[in-house]
Structure formats: C-alpha cells, structure tokens
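First up is the structure itself, then whatever we jot down about it.
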Amino acid sequence: MVTDIIVDAILYLHQSGVYHRDLKDENVVIDQNLNVKLIDFGSAVCEDTRLEPKRYSEFKGTDAYAAPGMFYISHHSKYG
C-alpha cells in the first residue's frame, strides 16, 4: 500500500513536470495520521510538460542509492 502511494505520487509529479531526483527511504515519511509524504526536494527540477524532458549530464542525488552505471561513462556514450 505504501509503495502504491509513492508510485502514484511520483507519477503525479512527473506528469506535472517535477522530478525529485533524490528518492530514497529517508525522503519518504509517514505522519501520525498514516499519510505518506515525499520530502527533500532540494535536488528537484521543474520542467515545462509541453516540451521533451531534458537530459542532465550532472548527477544529482545520493551516491549510495544510485545504480553503479550512473558513474560509468564509456567513450561510446554521447555524455562522455
């Protein structure tokens, strides 16, 4: 149930052009009324939903929660 709420919240944010960019367990809280909330939008970006999403060449977020591939850029990559 909590996972469903988080997924719905992320879907809503993305449809609104907001990208959190640092989702992890510490950034999900449950209040005394059992409401699930996403917090810490310090790395978030807001984009115009009428345009294609931007590709960022700079990592934002928490290193320990990132996939190892985020830090590997081959010479074949368009980002390297």
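Going letter by letter, the sequence shown gives residues 2 to 81 in our numbering.
Every residue gets a Cβ at the ideal spot worked out from N, C-alpha and C, and that includes glycine.
Determine, using beta carbons only, whether residue i and residue j come nearer to each other than 7 Å.
i	j	result
Glu48	Gly18	yes
Tyr20	Val37	no
Compare the Cα-Cα distances from residue i to each of the options and report the closest residue.
i	options	result
Val30	Ser44, Ala10, Ala45	Ala10
Thr50	Leu14, Ile7, Thr4, Val3	Leu14
Ile40	Lys55, Leu24, Pro69	Leu24
Ser44	Asp5, Val37, Asn28	Asn28
Asp64	Arg22, Met2, Ile7	Arg22
Asp32	Val3, Lys55, Gly62, Pro69	Val3
Can you pull the DSSP bridge partners for residue i?
i	result
Leu39	Val29
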